[in-house]
Amino acid sequence: MNETLSDDLADLYERTILERSRRPRHASRLACFDAHARGDNPMCGDRVDVWVRREAGRIAEIGFEARGCAISIAAADLMAEAAIDLDAEAAGALAERVAALVRTGAGQGADLDRLRPLAGVHAFPSRVRCATLAWRALTAALDGRVETSSE
Amino acid sequence: MNVVTPQDLARLRADFPILAETVHGRPLVFLDSAASAQKPRAVIEAMVGAMERSYANVHRGLHWMSERATEAYESTRDAAAGLLNAPDRHEIVFTRNSTEAINLVAHSYGRGVLRPGQAVVISAMEHHSNIVPWQLLRDERGIELRVAPITDAGELDLASLESLLADGRVGLVSITHMSNVLGTYVPAARVAALAHRYGAKVLFDGSQAIVHRAVDVQALDADFYAFTGHKLYGPTGIGVLWARRELLEAMPPFLGGGDMIASVTYERSTWAEIPHKFEAGTPPIIEAIGLKAAIAYVRAVGYGAIAAHEAALTEHALATLAGIEGVNVLGRAQDRGGVVSFTMDCAHAHDIATLLDRQGIAVRAGHHCAEPLMRRLGVDSTARASFALYTTRDEIDALAAGIRRVREFFS
Numbered sequence: 002m003n004e005t006l007s008d009d010l011a012d013l014y015e016r017t018i019l020e021r022s023r024r025p026r027h028a029s030r031l032a033c034f035d036a037h038a039r040g041d042n043p044m045c046g047d048r049v050d051v052w053v054r055r056e057a058g059r060i061a062e063i064g065f066e067a068r069g070c071a072i073s074i075a076a077a078d079l080m081a082e083a084a085i086d087l088d089a090e091a092a093g094a095l096a097e098r099v100a101a102l103v104r105t106g107a108g109q110g111a112d113l114d115r116l117r118p119l120a121g122v123h124a125f126p127s128r129v130r131c132a133t134l135a136w137r138a139l140t141a142a143l144d145g146r147v148e149t150s151s152e
Numbered sequence: 025m026n027v028v029t030p031q032d033l034a035r036l037r038a039d040f041p042i043l044a045e046t047v048h049g050r051p052l053v054f055l056d057s058a059a060s061a062q063k064p065r066a067v068i069e070a071m072v073g074a075m076e077r078s079y080a081n082v083h084r085g086l087h088w089m090s091e092r093a094t095e096a097y098e099s100t101r102d103a104a105a106g107l108l109n110a111p112d113r114h115e116i117v118f119t120r121n122s123t124e125a126i127n128l129v130a131h132s133y134g135r136g137v138l139r140p141g142q143a144v145v146i147s148a149m150e151h152h153s154n155i156v157p158w159q160l161l162r163d164e165r166g167i168e169l170r171v172a173p174i175t176d177a178g179e180l181d182l183a184s185l186e187s188l189l190a191d192g193r194v195g196l197v198s199i200t201h202m203s204n205v206l207g208t209y210v211p212a213a214r215v216a217a218l219a220h221r222y223g224a225k226v227l228f229d230g231s232q233a234i235v236h237r238a239v240d241v242q243a244l245d246a247d248f249y250a251f252t253g254h255k256l257y258g259p260t261g262i263g264v265l266w267a268r269r270e271l272l273e274a275m276p277p278f279l280g281g282g283d284m285i286a287s288v289t290y291e292r293s294t295w296a297e298i299p300h301k302f303e304a305g306t307p308p309i310i311e312a313i314g315l316k317a318a319i320a321y322v323r324a325v326g327y328g329a330i331a332a333h334e335a336a337l338t339e340h341a342l343a344t345l346a347g348i349e350g351v352n353v354l355g356r357a358q359d360r361g362g363v364v365s366f367t368m369d370c371a372h373a374h375d376i377a378t379l380l381d382r383q384g385i386a387v388r389a390g391h392h393c394a395e396p397l398m399r400r401l402g403v404d405s406t407a408r409a410s411f412a413l414y415t416t417r418d419e420i421d422a423l424a425a426g427i428r429r430v431r432e433f434f435s
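Read top to bottom, the protein sequences are chains A and B.
By the count of the working numbering, the first sequence reaches residue 152 at its end, each step adding exactly one.
By the count of the working numbering, the second sequence reaches residue 435 at its end, each step adding exactly one.
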């Protein structure tokens, strides 16, 4: 594939994305949790369940179960680390900046650093929803909603 | 044309301007015709020609242009009746697509003729368009919805269908004629005979079937038949419902408005004769003209040639994909059309589709508007390659090479 692999494809399936999709570190339901929500992409059938445990108002732990493509699983796994220690408001703000990152490929801030592998998604508009699904589920869980949809 | 020779195929492909396009710098390999087919120049020119030379509203104006447009629009009804071998042109109702045709039946036959306590039977391999209208009917009118199972091979389980019909409460069997996921052809004449034996009417969703093989509603002994224009190389925005005259006459209207009435007062209105009773408002005039050109195109190529060409392609695709490790083809029906769904051990369907797309190959990935079937098959999505009269053996080989690259990339 390498001789035919275009640059944007290499960016989309950047090393971290492939690694996280094959061996996600946070892909399990939490035994103890304070919030849970399910995100669905009705047009393609992707689904992610996100569980959140909080301590003193901040996210202490995130676990997820996903059925979906490499992008959606890797994005959920990266989210489960990037959102740690944030309160609901900060997590919501970060979710919006992640959405902007995957739509445009650009974004400032050290808190986006570990999420930059997702930037390559911006060249594939039909895949943006894959990258944002877990974040939508997270914000839904923090808002006390149980289900969310990308539509 | 009885067979499609390589020379024929080159000529047919030249009829479709879009096939000369490149995608990501590579020749377009379009293997998503089951979602919507590309359009031959004859269709494009018929539609442009209508707008440039003979366009006005239909059934209204007493002027030359309206008469010409009405003739063109109504002649599509004859073309559609001829395509289906319908005995009566008045049995052809134009809709927006198959979805609207099925909704029309669910509304007018389901609410106007079926009675609470009766049942509708669908199959386990329906498109959402032949599931949801019946759920709406069930919830509103207390009409039971039954689902005839499929076998592990992806064929309709006729014995189970018969047991669902046995209590005599089924008013309608509404079933696909060819699965958009598995490619399975349903033995329509046998299904119709079974339905009739137990007093049920039968509707076939022909969205896929009519693209690949000739359909004769009289030979099938069907009661309703639905298809859509855009999968049959015609434009979007036009579909056809055929139904037996006595059924259409017994059914109340679907949408109300202009063109579907005999007379209107504030106290009451009376309905136009069929088919106009079911065609409220200004119809898709230009789209109908395009559909007529599409029907003429398909019939000129010939269903015999199309079916033989696509059968050879499908056989080649199944044999080729079977030789690639980690590729699982869904369904192994004996009688199948040019649709092949598959999954890969190493990659999700969306990732397959993205990698293929970057090689210029268009396939569909997802649940194909058939979520219950996905659950029955134990998958959440598949990649699907679908073939048309313009598909080549080289394109199947390009797909296979593309799939091998997906495998190298993800494993």
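Positions of the beta carbon are idealized from the N, C-alpha and C atoms, including for glycine.
For clarity, every value in this text was computed on a predicted model and none was experimentally measured.
Original post:
How many Å lie between Ala-93 (chain B) and Pro-307 (chain B) at the Cα?
Top reply: Translated into the one-based positions of the second sequence, residue 93 (chain B) becomes position 69. Translated into the one-based positions of the second sequence, residue 307 (chain B) becomes position 283. Looking at the two C-alpha atoms, the distance is approximately 11 Å.
Subject >> DSSP-derived helix/strand/coil call for Lys-63 (chain B) >> reply: Along the second sequence, read from residue 1 onward, the residue named residue 63 (chain B) stands at position 39. The three-state reading of DSSP puts Lys-63 (chain B) in coil, since its state is none of H, G, I, E or B.
Original post:
Fully enclosed by the region 174 to 224 of chain B, which alpha helix (DSSP H) runs are 4 residues long or longer?
Top reply: 182 to 189, 212 to 221
**OP:** Could you tell me whether the Cβ of Ala-142 (chain A) comes closer than 8 Å to any Cβ of chain B?
**Re:** Counting from 1 along the first sequence, the entry for residue 142 (chain A) is found at position 141. Chain B, which has no Cβ nearer than 8 Å to the Cβ of Ala-142 (chain A), makes this no.
Original post:
What do you reckon, are the CB atoms on Ala-250 (chain B) and Leu-271 (chain B) nearer than 8 Å?
Top reply: For the purposes of this step, residue 250 (chain B) is taken as the residue at position 226 of the second sequence. For the purposes of this step, residue 271 (chain B) is taken as the residue at position 247 of the second sequence. Not closer than 8 Å, so no.
**OP:** Indicate whether at least one CB of chain A lies closer than 8 Å to the CB of Gly-402 (chain B).
**Re:** The residue labelled residue 402 (chain B) in the question sits at position 378 within the second sequence. Not closer than 8 Å to any Cβ of chain A, the Cβ of Gly-402 (chain B) fails to qualify, so no.
Subject >> chain B within 8 Å of Met-44 (chain A), Cβ atoms only >> reply: Position 43 of the first sequence holds residue 44 (chain A). Cβ-Cβ to chain B under 8 Å: yes for Met-44 (chain A).
Subject >> Contacts around Asn-3 (chain A), its chain only, beta-carbon distance under 6 Å, and the 5 residues preceding and following it disregarded >> reply: Indexing the first sequence from 1 puts residue 3 (chain A) at position 2. Low local confidence applies: a pLDDT of 45 at Asn-3 (chain A) is under 50, so the model's placement there is unreliable, with the coordinate-based value given in what follows. Excluding sequence neighbours, Asn-3 (chain A) sits near nothing in its chain.
Subject >> Start-end ranges of the beta strand (DSSP E) lying completely within the region 223 to 260 of chain B, minimum 3 residues >> reply: 225 to 229, 248 to 252
**OP:** Please report the residue range of the beta strand (DSSP E) in which Val-53 (chain A) lies.
**Re:** Locating residue 53 (chain A) in the first sequence gives position 52, where the first residue counts as 1. Start and end: 47 to 56.
Original post:
In chain A, which residues lie with their C-beta within 7 Å of the C-beta of Thr-123 (chain B)?
Top reply: Position 99 of the second sequence, counted from the first residue, corresponds to residue 123 (chain B). Chain A residues near Thr-123 (chain B): none, gap ~16 Å exceeds 7 Å.
**OP:** Kindly list, in the order they appear in chain A, the residues whose Cβ is closer than 7 Å to that of Arg-382 (chain B).
**Re:** Numbered from its first residue, the second sequence carries residue 382 (chain B) at position 358. Ser-7, Leu-10, listed in chain order.
Subject >> Collapsed DSSP secondary structure at Asn-42 (chain A) in the structure displayed >> reply: Residue numbering aside, residue 42 (chain A) sits at position 41 when the first sequence is read from its first letter. Asn-42 (chain A): strand per DSSP, three-state reduction.
Subject >> Residues of its chain near Pro-157 (chain B), where Cβ-Cβ distance is below 7 Å and the 5 sequence neighbours each way are ignored >> reply: Along the second sequence, one-based indexing puts residue 157 (chain B) at 133. Ile-126, Asn-127, Ala-130.
Subject >> CB of Leu-107 (chain B) within 8 Å of CB of Ile-319 (chain B), strictly >> reply: As a first step, residue 107 (chain B) is located in the second sequence; it is residue number 83 there, counting from the start. As a first step, residue 319 (chain B) is located in the second sequence; it is residue number 295 there, counting from the start. Yes, they are a contact pair.
Original post:
Any Cβ of chain B within less than 8 Å of the Cβ of Ala-71 (chain A)?
Top reply: Residue numbering aside, residue 71 (chain A) sits at position 70 when the first sequence is read from its first letter. By this cut-off, Ala-71 (chain A) is an interface position.
**OP:** Please check if any C-beta of chain B sits within less than 8 Å of the C-beta of Met-2 (chain A).
**Re:** Residue 2 (chain A) sits at position 1 when you count from the first residue of the first sequence. With a pLDDT of 43 at Met-2 (chain A), under the threshold of 50, the modelled position of that residue is not reliable, and the figure given next carries that caveat. Closer than 8 Å: yes.
Original post:
So does the region 182 to 198 of chain B actually touch the region 356 to 368 of chain B, counting three or more Cβ pairs closer than 8 Å?
Top reply: no
Original post:
From Ser-90 (chain B) to Arg-84 (chain B), what distance separates their C-alpha atoms?
Top reply: Counting from one through the second sequence, the residue named residue 90 (chain B) turns up at place 66. Counting from one through the second sequence, the residue named residue 84 (chain B) turns up at place 60. Approximately 7 Å, taken between the alpha carbons.
Original post:
alpha helix (DSSP H) containing Ile-313 (chain B): first to last residue?
Top reply: Counted from its first residue, the second sequence places residue 313 (chain B) at position 289. First-last of the alpha helix (DSSP H) with Ile-313 (chain B): 309 to 325.
Original post:
Can you list, in chain order, the residues of the region 232 to 246 of chain B whose Cβ is nearer than 8 Å to any Cβ on chain A?
Top reply: none
**OP:** Since I believe Ala-190 (chain B) is in contact with Ile-174 (chain B) (beta carbons under 8 Å), could you give me their beta-carbon distance rounded to a whole number of angstroms?
**Re:** To locate residue 174 (chain B), count along the second sequence from 1; it is residue 150. To locate residue 190 (chain B), count along the second sequence from 1; it is residue 166. Ile-174 (chain B) to Ala-190 (chain B), Cβ: 19 Å. No contact.
**OP:** Measuring only between beta-carbons, confirm whether Arg-128 (chain A) sits less than 8 Å from chain B.
**Re:** As a first step, residue 128 (chain A) is located in the first sequence; it is residue number 127 there, counting from the start. Yes, Arg-128 (chain A) lies at the interface with chain B (some Cβ there is under 8 Å from its Cβ).
**OP:** Select from A:Arg-117, A:Leu-143, A:Thr-17, A:Thr-105 the residue whose C-alpha is nearest the C-alpha of Pro-126 (chain A).
**Re:** Here residue 126 (chain A) is taken as the residue at index 125 of the first sequence, counted from 1. A:Thr-105 is the residue among A:Arg-117, A:Leu-143, A:Thr-17, A:Thr-105 whose C-alpha sits nearest the C-alpha of Pro-126 (chain A).
**OP:** Output yes or no for whether 8 Å exceeds the beta carbon distance between Leu-379 (chain B) and Leu-10 (chain A).
**Re:** Taking the second sequence and counting its residues from 1, one reaches residue 379 (chain B) at position 355. Taking the first sequence and counting its residues from 1, one reaches residue 10 (chain A) at position 9. Yes, the Cβ-Cβ distance between Leu-379 (chain B) and Leu-10 (chain A) is below 8 Å.
Original post:
Any idea what DSSP makes of Phe-54 (chain B), helix, strand or coil?
Top reply: Here residue 54 (chain B) refers to the residue found at position 30 of the second sequence. Phe-54 (chain B): strand per DSSP, three-state reduction.
Subject >> Residues bridged to Glu-66 (chain A) (per DSSP) >> reply: Position 65 of the first sequence, counting from 1, holds the residue named residue 66 (chain A). A:Asp-50.
Original post:
Going by Cα to Cα distance, which pick from B:Gly-178, B:Arg-139, B:Met-25, B:Ala-183 is closest to Arg-162 (chain B)?
Top reply: Taking the first residue of the second sequence as position 1, residue 162 (chain B) is located at position 138. Measuring from the Cα of Arg-162 (chain B), the nearest candidate turns out to be B:Arg-139.
Subject >> Contact under 8 Å by Cβ, Gly-263 (chain B) with Glu-124 (chain B) >> reply: Reading the second sequence from its first residue, position 239 is the one you call residue 263 (chain B). Reading the second sequence from its first residue, position 100 is the one you call residue 124 (chain B). Yes, they are a contact pair.
Original post:
Of all Cβ atoms in chain A, is any one closer than 8 Å to the Cβ of His-372 (chain B)?
Top reply: Counted from its first residue, the second sequence places residue 372 (chain B) at position 348. Closer than 8 Å: yes.
**OP:** Check distances from the C-beta atoms of the region 107 to 140 of chain A to those of chain B and list, in chain order, the residues that come in under 9 Å.
**Re:** Here the close residues are Phe-125, Ser-127, Arg-128, Cys-131.
**OP:** Please state whether DSSP places Asn-3 (chain A) in a helix, a strand or coil.
**Re:** Start at 1 with the first residue of the first sequence, and residue 3 (chain A) comes out as number 2. In this predicted model, Asn-3 (chain A) has a pLDDT of only 45, less than 50, meaning its place in the structure is not dependable; the value taken from the coordinates is given anyway. Helix, per DSSP.
Subject >> Close-in-space but distant-in-sequence residues of the same chain around Tyr-14 (chain A) (CB under 6 Å, 5 per side omitted) >> reply: Within the first sequence, numbered from 1, the residue matching residue 14 (chain A) stands at position 13. So the list is empty, once near-sequence residues are dropped.
**OP:** Please report how far the alpha carbon of Glu-152 (chain A) lies from the alpha carbon of Gly-253 (chain B), in whole angstroms.
**Re:** Reading the first sequence from its first residue, position 151 is the one you call residue 152 (chain A). Reading the second sequence from its first residue, position 229 is the one you call residue 253 (chain B). Residue confidence for Glu-152 (chain A) is low, a pLDDT of 49 falling below 50, so the modelled location carries little weight; the figure read from the coordinates is stated next. Their backbone Cα atoms lie some 27 Å apart in a straight line.
Subject >> Contact set for Ala-425 (chain B): own chain, Cβ-Cβ below 6 Å, skip 5 residues either direction >> reply: Position 401 of the second sequence, counted from the start, is the residue given in the question as residue 425 (chain B). The answer is none, since no qualifying residue turns up.
Subject >> Option in B:Asp-369, B:Cys-370, B:Ala-386 with minimal Cα separation from Ala-377 (chain B) >> reply: The residue labelled residue 377 (chain B) in the question sits at position 353 within the second sequence. Selected option, being the one with the closest Cα: B:Ala-386.
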